[in-house]
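Peer 1: Okay, here's the structure, questions in a sec.
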Amino acid sequence: MKNLTPLVAGLSLLLCLGFLSPNPLKSQDLMGDSLTLVDLYNSTNGPHWIDNAGWLTTAPVSSWFGVFVLDGRVFEVNLDGNNLQGVIPDISNMDVLSILKVRDNFITDLPVMPSIGETGSMEEFDCSFNLLEFDDIETVFGNGIGNLLYDPQKEYGVEEFFFREPGDEVTFSCPAGGTDNLYQWFYQGMAITSPGPESTLTLSSVTIEDAGAYFCQVTSTSIPFLVLNSKPKNLTVGACEDSLGGSYKCQEMIIRFKPGTPQLVKDSLRMEYGATVIDSCRCNFLEIWDIPDSLGLEETVGLASKKADVEETGFNYEITIGPAFDQFDPPAVPPSFFGNPPGPDNVPVAIIDSGIDWSHSQLFDRMWTNAPEWPLNTFDDDGNCLNDDYQGYDFANDSIHPIDIHGHGTHIAGIVVDGTPPEIEVMNLKAFNTNGSGSIFDATCAVYYAIDKGAKVINMSWGYYGVPSDILESAIEEAANSCGALVVTSAGNTSNDNDNTVHHYPSDYTLDNVIAVAALDLPEVNLASFTNFGMVSVDIAAPGTQILSTVPGDATAIRSGSSMAAGFVSKAAAQMYNTIPGVTYRGVKNCLFNSVNLIPGGADSLSTGGQLVETAAISCVNNDPYVFECDPLIDLKIMLEGPYDSGTGLMTDNYRTGGHIPTNQPYNISPWNYAGPEFVESSLLFASGSFAIVDWVLVAHIDTSGVDTLITYQAGLVRADGTVIDGFGGFLRPPVNKPGFIAVFHRNHLAIMSTDEIVLDQQPTTINFIDGTIPAIGGPFAMNSNAGVNLMISGDANRDGVVNTVDKNLEWALQNGTAFDYFLSTADFNFDAFINAVDKNLYYSPNNSKQSQCPYCY
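Numbering-wise (the numbering used here), the sequence shown opens with residue 3 and increments by one.
What follows is the structure, encoded as structure tokens:
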């Protein structure tokens with residue numbers, strides 16, 4: 003079918019199709035009717051009609067769908083419910099057209115026709131249930147049509163969504179075409195105004211009760227009996243909710259740009275969405291945009307996240323620290339230098355909260371200060387795009403004075419400094435207003451500030467329930483870079499099991515540098531009745547009931563909550579950093595977890611099963627040799643069939659003694675094509691006995707948590723006792739620190755993989771494939787079960803994951819009796835540096851038809 007837009011093309015088509023009857027006059031009239039139908043087709047988006055059979059084809063006009071011809075002329079066109087869209091063109095030349103039906107379509111306008119046909123003899127014109135307004139119908143009203151049907155019409159205009167905070171003003175508008183119109187507004191189906199000439203409705207100070215759907219109803223004295231209804235105007239007052247009940251600001255989108263994105267690119271993208279910048283931080287690295295009511299926030303967040311210069315987008319979730327303790331008078335702005343003078347041994351604890359009363363006598367000398375910004379001079383002396391942020395910063399109000407009127411932040415600060423050395427100081431980062439409300443944007447900005455200013459501990463005693471914010475999670479994850487900061491979070495106070503579908507964030511993030519803290523009851527024996535818990539998501543318990551600490555106004559007060567419990571863990575962590583300079587957050591975290599006292603029911607409620615023991619944790623960092631390790635470590639153990647000697651329980655080291663072990667890793671060939679830089683430190687090649695080097699292996703860390711499976715490799719050396727080490731004799735350091743499967747490859751053995759994902763630790767995580775402590779996928783893979791020893795199966799000479807006749811005929815047979823070459827002699831299954839019948843008869847033959855069950859191997 004071909005769409006003939008120009009009328010001349012339509013005329014040519016009709017002539018070619020032979021639309022000329024023996025009567026020249028009637029042929030000319032039929033041709034005119036046909037040209038008008040072509041115009042109707044093009045004007046109403048004919049290619050998208052539900053049924054356009056025959057239209058603009060070689061078929062006669064009488065066979066076109068909905069067209070009826072009588073005595074050589076078109077007398078009826080019936081296109082009801084056929085998805086016509088647009089404008090009905092001028093049809094006045096169809097002077098014998100008697101019936102035109104276009105009901106239930108999407109017609110938006112009718113032609114100006116003084117009369118229908120030469121004599122105004124149209125019997126019926128049905129244009130009801132379209133998108134027509136009064137002025138459209140006026141063009142045909144009273145034109146001599148026998149039966150003009152125009153009522154009802156579909157809802158006119160567009161559906162709109164409005165998002166306002168309580169107290170805001172909102173104006174709805176629903177103008178309809180026509181004269182002498184009367185508008186009446188409805189809310190949730192009930193009339194709220196009388197009919198009148200005004201097409202707008204203004205609500206001057208909205209409340210939660212005003213939320214809902216509004217529409218207007220329009221009548222006109224010029225077109226009787228027709229009542230038009232506008233499409234809804236939907237008003238949301240306050241926050242919106244995600245699929246899990248998390249509250250977020252309805253039209254606010256957080257956007258994180260890639261480093262180095264030019265401002266011109268940011269401005270261009272913002273203009274594309276018609277958005278305005280509400281706030282920004284970290285030198286415009288992170289911005290929050292107000293999205294117009296006409297755009298859907300969820301859709302905009304999704305589209306913007308795909309832009310080349312955008313790292314991430316997300317909702318601006320509402321977070322809370324609960325009701326205010328009291329209404330405190332704000333302290334005065336510091337008149338001169340105050341706080342803890344900066345020094346290399348200071349341990350900053352960032353408290354992201356309601357602010358801290360710097361003037362409190364117990365806190366005045368413990369406040370962190372940003373030395374480069376003193377004296378105050380209205381300039382950005384430290385280059386962080388904040389002027390005079392000497393005391394920290396108030397991100398909730400964009401102020402250099404993070405004053406606490408709420409009380410929560412001051413209470414947490416008092417817990418952290420109580421009884422601790424003067425080197426431990428509190429960094430004042432305000433993200434919550436007087437009523438305890440805050441936003442993910444302000445809290446995330448505070449996290450980045452804490453990172454940039456070198457905080458060792460970041461206390462986040464607050465949270466929300468809902469879908470996790472990727473924006474906040476990315477900031478916390480960045481805090482872990484170079485083992486930078488430990489993030490201590492409160493578990494929440496609603497007696498919720500955080501392992502279930504209702505998750506609490508940030509405590510439920512599965513990030514290595516996050517600790518989630520539950521509250522103990524007053525005897526500090528059991529969990530408090532109010533605290534959240536979770537065998538997986540909540541880690542440790544600490545005092546959280548009836549805690550006495552500082553509040554604004556140089557006073558103290560008793561408060562309860564998991565917020566206070568998090569403060570105690572932050573305090574312990576800070577003292578551990580202060581005790582052993584250079585300790586990593588992994589060292590601190592492991593000592594906190596490994597020194598707990600178990601509590602009743604703790605095994606079912608906490609990942610550690612116990613409560614904080616501060617003195618034991620501090621003692622731990624003094625004695626743990628791994629507290630300085632940043633990378634996770636693997637104590638991996640495997641045994642290879644072939645070199646394994648059941649008499650000694652070790653593997654033979656013929657490759658080492660014969661000088662056959664390559665100095666650089668050998669897995670840069672197919673099927674691995676691994677280009678890693680690993681090499682063996684020469685002194686390791688002189689070790690003997692259980693420490694003797696047997697051969698290279700390739701270790702894979704397989705992370706399936708994302709959309710795509712991520713496989714990272716590293717080469718290691720296996721010793722005679724089965725321990726896999728790096729090229730310098732130490733434990734392996736996996737390239738990523740996420741839970742994952744661990745797989746081991748060898749040049750002529752079948753690969754193995756752990757059955758379960760393994761969580762790695764900064765203290766060596768033991769992965770023992772030899773004794774079955776870590777089961778391998780696919781069930782038992784041992785050929786030799788002597789003394790319970792499991793062996794990786796030999797015989798895969800061509801490295802395809804299966805032992806079969808290809809390994810014998812194409813690999814072993816060609817190598818049998820030839821001189822040994824490490825890279826070519828893959829059929830040396832027993833590692834004696836010879837290819838002979840022993841390899842085939844003792845190793846290949848028993849293993850024929852064995853296959854690796856590892857789904858990610860080879």
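Yeah, the Cβ is synthetic: ideal placement off N, Cα and C, and Gly gets one too.
What are the partner residues of Asn666, as DSSP defines its beta bridges?
Peer 2: For this step, residue 666 is matched to residue 664 along the sequence shown. Its beta-bridge partners are Phe681.
Peer 1: Does DSSP put Phe825 in a helix, a strand or coil?
Peer 2: By one-based count along the sequence shown, residue 825 stands at place 823. Coil, per DSSP.
Peer 1: Between which two residues does the alpha helix (DSSP H) harbouring Ala521 extend?
Peer 2: As a working note, residue 521 is residue 519 in the sequence shown. Looking at the DSSP string, Ala521 is not in any alpha helix (DSSP H); the run it does join, the beta strand (DSSP E), is 516 to 522.
Peer 1: How big is the Cα-Cα spacing for Gly732 and Val726?
Peer 2: Reading the sequence shown from its first residue, position 730 is the one you call residue 732. Reading the sequence shown from its first residue, position 724 is the one you call residue 726. Looking at the two C-alpha atoms, the distance is approximately 9 Å.
Peer 1: Comparing alpha-carbon positions, which option in Gly262, Cys252, Thr322, Gly589 lies nearest Glu301?
Peer 2: The residue labelled residue 301 in the question sits at position 299 within the sequence shown. With distances taken between Cα atoms, Glu301 lies closest to Cys252.
Peer 1: Strictly by DSSP, which residues pair up with Ala445?
Peer 2: Translated into the one-based positions of the sequence shown, residue 445 becomes position 443. Looking at the DSSP assignment, Ala445 forms no beta bridge with any residue, so it has no partner.
Peer 1: With DSSP collapsed to three states, give me the class of Ile837.
Peer 2: On the sequence shown, residue 837 is found 835 positions in, with the first residue counted as 1. If DSSP states are grouped into helix, strand and coil, Ile837 belongs with coil.
Peer 1: Please report the straight-line C-alpha distance between Gly214 and Leu237, rounded to a whole angstrom.
Peer 2: As a first step, residue 214 must be located in the sequence shown, where it is residue number 212. As a first step, residue 237 must be located in the sequence shown, where it is residue number 235. Each residue's alpha carbon lies about 5 Å from the other.
Peer 1: To which residues of the same chain is Cys447 closer than 6 Å at the C-beta, ignoring the five residues directly before and after it?
Peer 2: Walking along the sequence shown from the start, residue 447 turns up at place 445. Cβ within range, chain order: Cys283, Phe397.
Peer 1: Tell me where the alpha helix (DSSP H) around Asn596 begins and ends.
Peer 2: Against the sequence shown, residue 596 aligns to sequence position 594. It spans 587 to 596 - the alpha helix (DSSP H) in which Asn596 sits, taken as one unbroken run.
Peer 1: For the beta strand (DSSP E) that Leu102 lies in, which residues bound it at each end?
Peer 2: Numbered from 1 along the sequence shown, position 100 holds the residue referred to as residue 102. It spans 101 to 103 - the beta strand (DSSP E) in which Leu102 sits, taken as one unbroken run.
Peer 1: Here's a check: name, in chain order, each residue in its chain whose Cβ is nearer than 7 Å to the Cβ of Leu524, leaving out the five neighbours to either side.
Peer 2: In the sequence shown, counting from the first residue as 1, residue 524 sits at position 522. Same-chain partners within the cutoff: Thr547, Gln548.
Peer 1: For the stretch 294 to 330, which segments carrying the beta strand (DSSP E) assignment without a break, of at least 3 residues, lie completely within its bounds, in sequence order?
Peer 2: Here the runs fully enclosed are 312 to 322.
Peer 1: What residue range does the alpha helix (DSSP H) around Phe136 cover?
Peer 2: The residue you call residue 136 lines up with position 134 of the sequence shown. Segment 136 to 140, the alpha helix (DSSP H) holding Phe136.
Peer 1: Residue ranges of each alpha helix (DSSP H) run of no fewer than 4 residues wholly in the stretch 219 to 288, ordered along the chain?
Peer 2: Correct list: 265 to 275.
Peer 1: Three-state secondary structure (DSSP) at Leu37?
Peer 2: The count along the sequence shown starts at 1 and reaches residue 37 at position 35. Residue state, collapsed to three classes: helix.
Peer 1: Short of 6 Å in beta carbon distance, which residues of its chain neighbour Gly584, apart from the five on each side in sequence? Order them along the chain.
Peer 2: Locating residue 584 in the sequence shown gives position 582, where the first residue counts as 1. Same-chain partners within the cutoff: Phe630.
Peer 1: Please report the Cβ distance between Ala753 and Tyr860, rounded to the nearest whole angstrom; I am assuming they are in contact, meaning their Cβ atoms lie under 8 Å.
Peer 2: In the sequence shown, residue 753 corresponds to position 751, counting from 1. In the sequence shown, residue 860 corresponds to position 858, counting from 1. About 7 Å separates the two Cβ atoms, so the contact holds.
Peer 1: Is DSSP giving Thr861 helix, strand or coil here?
Peer 2: The structure shown does not extend to residue 861, since the chain is modelled only from 3 through 860, so no value can be given for it.
Peer 1: Determine the extent of the beta strand (DSSP E) in which Ala881 is found, giving its start and end residues.
Peer 2: Any question about residue 881 goes unanswered here, given that the chain covers just 3 to 860.
Peer 1: If you pair each beta-carbon of the stretch 610 to 621 with each one of the stretch 529 to 548, do three or more pairs fall below 8 Å?
Peer 2: Yes, the stretch 610 to 621 touches the stretch 529 to 548.
Peer 1: Using a C-beta cutoff of 8 Å, does Ala815 count as contacting chain B?
Peer 2: You won't find chain B in this structure, because it holds only one protein chain.
Peer 1: Does Gly569 come out as helix, strand or coil in the three-state DSSP assignment?
Peer 2: Numbered from 1 along the sequence shown, position 567 holds the residue referred to as residue 569. Looking at Gly569 - three-state DSSP - the assignment turns out to be helix.
Peer 1: Can you give the beta carbon distance from Pro805 to Lys842, rounded, assuming they're within the 8 Å contact cut?
Peer 2: Stepping through the sequence shown from its first residue, residue 805 is reached at position 803. Stepping through the sequence shown from its first residue, residue 842 is reached at position 840. Contrary to the premise, residue 805 reads as Val rather than Pro in this sequence. Their Cβ separation, rounded to whole angstroms, is 11 Å, which puts Val805 and Lys842 out of contact at 8 Å.
Peer 1: Could you have a look at Thr861 and say whether DSSP puts it in helix, strand or coil?
Peer 2: Residue coverage of the chain in this structure runs from 3 to 860, which leaves residue 861 outside it and unanswerable.
Peer 1: Under a three-way DSSP split, which group does Asn149 fall into?
Peer 2: As a working note, residue 149 is residue 147 in the sequence shown. Strand.
Peer 1: What does Thr204 pair with, by DSSP beta-bridge criteria?
Peer 2: Mapped onto the sequence shown, residue 204 falls at position 202. Per DSSP, Thr173.
Peer 1: By Cβ distance, which residues of its chain are closer than 6 Å to Gly604, with the 5 residues on each side in sequence left out?
Peer 2: In the sequence shown, the residue the question calls residue 604 occupies position 602. Here the set comprises Gly611, Gly612.
Peer 1: Report, in whole angstroms, the separation of the C-beta atoms of Asp514 and Asn739, which I expect to be a contact under 8 Å.
Peer 2: To locate residue 514, count along the sequence shown from 1; it is residue 512. To locate residue 739, count along the sequence shown from 1; it is residue 737. So it is a contact: roughly 6 Å between Cβ atoms.
Peer 1: Which same chain residues end up closer than 6 Å to Phe693 when comparing Cβ atoms and leaving out the 5 residues on each side of it in sequence?
Peer 2: For the purposes of this step, residue 693 is taken as residue 691 along the sequence shown, with counting starting at 1. Closer than 6 Å at the Cβ level, and outside the excluded window around Phe693, lie Arg721.
Peer 1: What does a CB cutoff of less than 8 Å around Phe833 pick up in its chain, not counting 5 residues either side in sequence?
Peer 2: Residue mapping note: residue 833 aligns to position 831 of the sequence shown, counting from 1. Counting only Cβ-Cβ distances below 8 Å, and skipping sequence neighbours, we find Leu642, Gly644, Pro645, Met653, Thr654, Asn656, Tyr657, Val696, Asp697.
Peer 1: Let me know the secondary structure DSSP gives Gln87 once reduced to three states.
Peer 2: Taking the first residue of the sequence shown as 1, we reach residue 87 at position 85. Here Gln87 sits in strand by DSSP.
Peer 1: Please list the segments of the beta strand (DSSP E) lying wholly inside the stretch 376 to 451, counting only runs of 3 or more residues, in order along the chain.
Peer 2: Whole beta strand (DSSP E) segments, 3+ residues: 394 to 396, 426 to 432, 439 to 441.
Peer 1: Tell me whether the beta-carbon of Val419 lies closer than 8 Å to the beta-carbon of Leu488.
Peer 2: One-based indexing of the sequence shown puts residue 419 at position 417. One-based indexing of the sequence shown puts residue 488 at position 486. Going by C-beta atoms, Val419 is not nearer than 8 Å to Leu488.
Peer 1: Using 8 Å as the cut-off, can you tell me whether the stretch 256 to 264 makes contact with the stretch 298 to 313, which would need three or more C-beta pairs spanning the two stretches below that distance?
Peer 2: The stretch 256 to 264, when compared against the stretch 298 to 313, does touch it at the 8 Å Cβ threshold.
Peer 1: So if DSSP puts Met369 in a beta bridge, which residue, or which two residues, is it bridged to?
Peer 2: Here residue 369 refers to the residue found at position 367 when the sequence shown is read from its first residue. DSSP, once it has assigned bridges, lists Val428 as partnering Met369.
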